[in-house]
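Asker:
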Amino acid sequence: MSNITVCARFRPLSSKERRDHGDAVCIQYVDSETFIFKDEKAEELTFSFDRVFYDKSEQIDVYRHLAQPIVRDALNAVNGTIITFGQTGAGKTYSMEGPGVLECDAVKKGLLSRVVEGIFECTKSSDETSKYSIKLSMVEIYMEKVRDLFDLSRDNIQIKETKTQGIMLNGMMEMTIKDPQEALLTLSKGIANRAVGETQMNIASSRSHCVYMFTIQQESTKDKRARTGKLNLVDLAGSEKVEKTGAEGRVLEEAKTINKSLSALGNVINALTCGPMGRGNHIPYRDSKLTRILQDALGGNSRTALLCCCSPSPTNSSETLSTLRFGARAKHIKASPRVANEDRCIRELEVFTPIKRESRDKLLNELQENLDIEHVQKLEELFIQEGILFDPCSIEESELAYEDVTSQTISSLQLALEELLSTIGEEELQHILFDWCLCYQVLDQSLPNFQSQLGF
Ligand SMILES: Nc1ncnc2c1ncn2[C@@H]1O[C@H](COP(=O)(O)OP(=O)(O)OP(=O)(O)O)[C@@H](O)[C@H]1O
Ligand SMILES: [Mg+2]
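Here the sequence shown is numbered in the numbering used here, starting from 987 and rising by one per residue.
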């Protein structure tokens, strides 16, 4: 168990802040982890975080301290989440994207493009027996609806929780990315779809919470084992005082929804850090889409880093203080990230008893006699990849896992089945399915349900 990483970042004073208050700032440097904050009554409070980035800090420092260790872990199938949090106009999107995700200036580019480079560098330097495939999804939570930024027609994506894979988003687009250039172009297309609006505090204010999801699958060519790490980057919409942002009409409605979900996030952090430990303590993850999506990251199943973005100006000191208090509280969250589930599923296969292994091999041989070997392998690979094969010794776990994967994988199975159907015909395929279900008794109990979902 370790605490989540929390850093604070102060952007340079904006021209408006300089106009109103000159060079005055509400913080005083102590060292790279500690600073003194002066509140509205000029009282001094000392804050310490894992790292403090002051106005002259460089984007690369933020990447190195906040993101690089998490990127490396994600390549080893440990899920990670990096969140930017803070008042509107405080530098969350700047930290995440830089001046733009396609920014070429090596100094200015943000976390996203550095994460992309980091992922591809790690995949290149890994040993030759590992093969990686990287996928990217992007969603935003806008007015309490989860929208797919790669396909705006998917504008109300449902959030699901599964025992084996944690929080999942049903039916969102996943783009396969082969190199950093392709990744950045894909990201820029998604970002162009994000809801942005002008307020008095930020001419390009994010009006939604945006989640960038990288799925990194590593397959060992030696033993065919596959494992997956998920890396989420979350650029939150900022908290705002509507009298300062001058929000009205639609922008006001957006502000209310943003503030509500951020207070739900605060409540979750409070419940995680104040209440009694253990099962008795209710954590209100379901109070907002944001907290539900961040459930794994906040609940300790993932390596999590939080960047608290702040204005250094005395005009914003009350908002800065609440951001810092939020970060200080979040620092108490304990995390114990696990190696991702797929690896476990595949390892479970390895504990098959000799009799069950024999029965599986016999069945595969029989199938191979009747079918093209390629089709049998394809079917087996598909079932393994989708986690349908589990240790039959652990029926309870398998049933739950099966329920989960059935709904998640139905569309990819249908595609593969269509392909098989066109080659071998429906009758033959029914036979195969039946045989598989006999072999894996768990499936057997669910055969009618399985068949009906496949449209048989
Ligand atoms: N570290 C920084 N260096 C230089 N400029 C910065 C920095 N951080 C933020 N800015 C500038 O401040 C302005 C507001 O930043 P940004 O849009 O990132 O705020 P935000 O926290 O995402 O706000 P919102 O919640 O409204 O989306 C932008 O013009 C941005 O370029
Ligand atoms: Mg923003």
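A virtual CB, placed ideally from N, CA and C, is assigned to each residue, including glycine.
Nothing here was measured: the structure is a model prediction, and the numbers come from that model.
Is PHE1312 close to chain B? Criterion is C-beta to C-beta, closer than 8 Å.
Answerer: Of the protein chains in the structure, only one exists, and it is not chain B.
Asker: Write down the C-beta distance between GLY1072 and THR1309 rounded to the nearest angstrom, noting that I regard them as a contact closer than 8 Å.
Answerer: Mapped onto the sequence shown, residue 1072 falls at position 86. Mapped onto the sequence shown, residue 1309 falls at position 323. With a Cβ gap of about 5 Å, GLY1072 and THR1309 count as contacting.
Asker: Please go through the same chain and pick out, in chain order, the residues whose beta-carbon is closer than 6 Å to the beta-carbon of GLY1176, but skip the five residues on each side of it.
Answerer: The count along the sequence shown starts at 1 and reaches residue 1176 at position 190. Same-chain partners within the cutoff: MET1124, LEU1135, PHE1136.
Asker: What's the C-alpha gap between PRO1270 and GLY1285?
Answerer: Indexing the sequence shown from 1 puts residue 1270 at position 284. Indexing the sequence shown from 1 puts residue 1285 at position 299. C-alpha separation (whole angstroms): 11 Å.
Asker: Assuming TYR1198 and LEU1173 make a contact with CB atoms under 8 Å, what is their CB distance in whole Å?
Answerer: For the purposes of this step, residue 1198 is identified with residue 212 of the sequence shown, where counting begins at 1. For the purposes of this step, residue 1173 is identified with residue 187 of the sequence shown, where counting begins at 1. Right, their Cβ atoms sit about 7 Å apart.
Asker: Please classify ASP1221: is it buried, with 16 or more other beta-carbons within 10 angstroms of its beta-carbon, or exposed?
Answerer: Within the sequence shown, residue 1221 is the residue found at index 235, counting from 1. ASP1221 is buried by the Cβ-count criterion.
Asker: Enumerate in chain order the residues of its own chain whose CB-to-CB distance from PRO998 is below 7 Å, with the five nearest sequence positions on each side excluded.
Answerer: Along the sequence shown, read from residue 1 onward, the residue named residue 998 stands at position 12. Within the same chain, PRO998 has close Cβ partners ASP1041.
Asker: Which first and last residues belong to the beta strand (DSSP E) in which GLY1215 is found?
Answerer: Start at 1 with the first residue of the sequence shown, and residue 1215 comes out as number 229. Its beta strand (DSSP E) spans residues 1212-1221.
Asker: Collect the residues with a C-beta less than 5 Å away from any heavy atom of ligand 1 and give them in sequence order along the chain.
Answerer: My final list is ARG997, THR1074, GLY1075, ALA1076, GLY1077, LYS1078, THR1079, TYR1080, ASN1188, SER1191, SER1192, GLY1224.
Asker: Using a Cβ-Cβ cutoff of less than 6 Å, which residues in the same chain neighbour SER1034 once the five nearest sequence positions on both sides are dropped?
Answerer: Within the sequence shown, the letter at position 48 stands for residue 1034. The residues are GLU1019, THR1020.
Asker: For my contact list, ASN1188 and THR1070 are in at a C-beta cut-off of 8 Å; report their separation, rounded to the angstrom.
Answerer: To locate residue 1188, count along the sequence shown from 1; it is residue 202. To locate residue 1070, count along the sequence shown from 1; it is residue 84. Not confirmed; about 14 Å, so no contact.
Asker: Quick one: Cα of THR1207 to Cα of SER1043, how far?
Answerer: Stepping through the sequence shown from its first residue, residue 1207 is reached at position 221. Stepping through the sequence shown from its first residue, residue 1043 is reached at position 57. If you take the alpha carbons of THR1207 and SER1043, they lie about 42 Å apart.
Asker: Using a Cβ distance threshold of 8 Å, determine whether the stretch 1057-1065 contacts the stretch 1220-1237, with at least three qualifying pairs required.
Answerer: In short, these stretches do not touch, since the Cβ pair count stays below three.
Asker: For PRO1085, count the other beta carbons within 10 Å of its own beta carbon; 16 or more makes it buried, fewer makes it exposed. Which is it?
Answerer: Position 99 of the sequence shown, counting from 1, holds the residue named residue 1085. It counts as exposed.
Asker: Indicate, with yes or no, if ligand 2 has a heavy atom lying under 7 Å from the CB of ASP1221.
Answerer: Locating residue 1221 in the sequence shown gives position 235, where the first residue counts as 1. ASP1221: yes, Cβ under 7 Å from ligand 2.
Asker: Taking just the CA atoms, how far does ASP1273 sit from GLY1096?
Answerer: Here the question's residue 1096 lines up with position 110 in the sequence shown. Here the question's residue 1273 lines up with position 287 in the sequence shown. Straight-line Cα distance between these residues: approximately 31 Å.
Asker: When the Cα atoms are used, what is the spatial distance from CYS1296 to LYS1121?
Answerer: As a working mapping, residue 1296 is identified with position 310 in the sequence shown. As a working mapping, residue 1121 is identified with position 135 in the sequence shown. Roughly 32 Å between the two C-alpha positions.
Asker: In its own chain, which residues sit with a C-beta less than 6 Å from the C-beta of GLU1205, not counting the 5 before and 5 after it?
Answerer: In the sequence shown, the residue the question calls residue 1205 occupies position 219. Only LYS1117, ALA1212 meet the Cβ criterion.
Asker: What does the alpha-carbon distance come out to for the pair SER1249 and GLU1226?
Answerer: For the purposes of this step, residue 1249 is taken as the residue at position 263 of the sequence shown. For the purposes of this step, residue 1226 is taken as the residue at position 240 of the sequence shown. Their Cα atoms are separated by approximately 12 Å.
Asker: Would you kindly report the start and end of the unbroken alpha helix (DSSP H) that includes GLN1144?
Answerer: Translated into the one-based positions of the sequence shown, residue 1144 becomes position 158. Unbroken run through GLN1144: none, as it is neither H nor E.
Asker: With DSSP as the reference, please indicate the residues paired to ARG1133 in a beta bridge.
Answerer: The residue given as residue 1133 occupies position 147 in the sequence shown. Answer is GLU1126.
Asker: Is ILE1056 helix, strand or coil when you go by DSSP?
Answerer: Here residue 1056 corresponds to residue number 70 of the sequence shown, with the count starting at 1. The answer is helix: DSSP assigns ILE1056 an H, G or I state.
Asker: In angstroms, rounded to a whole number, what distance separates the CA positions of MET1129 and GLU1240?
Answerer: In the sequence shown, residue 1129 corresponds to position 143, counting from 1. In the sequence shown, residue 1240 corresponds to position 254, counting from 1. One C-alpha to the other measures close to 6 Å.
Asker: Is it true that the CB of ILE1153 sits closer than 8 Å to the CB of SER1059?
Answerer: Translated into positions along the sequence shown, residue 1059 becomes position 73. Translated into positions along the sequence shown, residue 1153 becomes position 167. It should be pointed out that residue 1059 corresponds to Asp in this sequence rather than to Ser. Contact: no.
Asker: Can you say whether HIS1268 is buried or exposed, counting buried as having 16 or more other CB atoms within 10 angstroms of its CB?
Answerer: Within the sequence shown, residue 1268 is the residue found at index 282, counting from 1. HIS1268 comes out exposed.
Asker: Whose C-beta lies closer than 8 Å to the C-beta of PHE1312 among residues of the same chain, with five residues either side of it excluded?
Answerer: As a first step, residue 1312 must be located in the sequence shown, where it is residue number 326. Contacts found: PHE1071, GLY1252, ILE1255, CYS1294.
Asker: Tell me, please, which residues DSSP counts as bridged to CYS1196.
Answerer: If you number the sequence shown from 1, residue 1196 lands on position 210. In DSSP, CYS1196 forms a bridge with GLU1126, ASP1221.
Asker: Roughly how many angstroms lie between the CA atoms of ARG1315 and VAL1038, to the nearest whole one?
Answerer: As a position in the sequence shown, residue 1315 is number 329, starting the count at 1. As a position in the sequence shown, residue 1038 is number 52, starting the count at 1. The straight-line gap from Cα to Cα measures roughly 16 Å.
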